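In our numbering, the protein residues as written are 512 to 642.
Note that the Cβ used here is the ideal one computed from N, Cα and C, for glycine as well.
The structure displayed is predicted, hence computed values, not measured ones.
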């Protein structure tokens, strides 16, 4: 069996972030594509779903990471920007519809891209709007 580049594998959020993750404040933004011919930027579209792409940075809360980098980016395919569940700084979040796409980085090492279809507060955490 051969895998094509860009193959997305479904994963559970708790498998990627077993100790949870926290949203980095003010890290949410829309991903843009750059057209080298025209020099223009336009909103990025997910190649699979056709939806707009947003990205957020999160801190992996796994204590086993030690001194290694904890910050990673998750891209979210959605028609509208995802809202932070409570509006608090470094609030914990979970992702729905997560996928991982492995690839070989420019330095020759294995890397991966994380995607999701939504972001929410973890089970048991209520948002300000719902409180």
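Sequence ranges, beta strand (DSSP E) only - wholly within the region 522-609, length at least 3
532-534, 543-546, 551-554, 564-571, 582-588, 603-607
**Study point:** Simplified DSSP state of residue 627, which is helix, strand or coil
**Key:** Locating residue 627 in the chain shown gives position 116, counting from the first residue. Here residue 627 sits in strand by DSSP.
Practice problem: Mind reading off the beta-carbon distance from residue 569 to residue 586? Whole number of angstroms is fine, and I expect it under 8 angstroms. | Solution: Here residue 569 refers to the residue found at position 58 of the chain shown. Here residue 586 refers to the residue found at position 75 of the chain shown. With a Cβ gap of about 12 angstroms, residue 569 and residue 586 do not count as contacting.
- Does DSSP put residue 622 in a helix, a strand or coil? Numbered from 1 along the chain shown, position 111 holds the residue referred to as residue 622. DSSP, reduced to helix, strand and coil, places residue 622 within a strand of the structure shown.
Out of 534, 556, 536, which has the shortest C-alpha to C-alpha gap to residue 544?
The residue you call residue 544 lines up with position 33 of the chain shown. Comparing Cα-Cα distances from residue 544 to each of 534, 556, 536, the minimum goes to 556.
What residue from 517, 521, 533, 520 has the CA that sits closest to residue 483's CA?
This structure cannot speak to residue 483, because the chain is shown only from 512 to 642.
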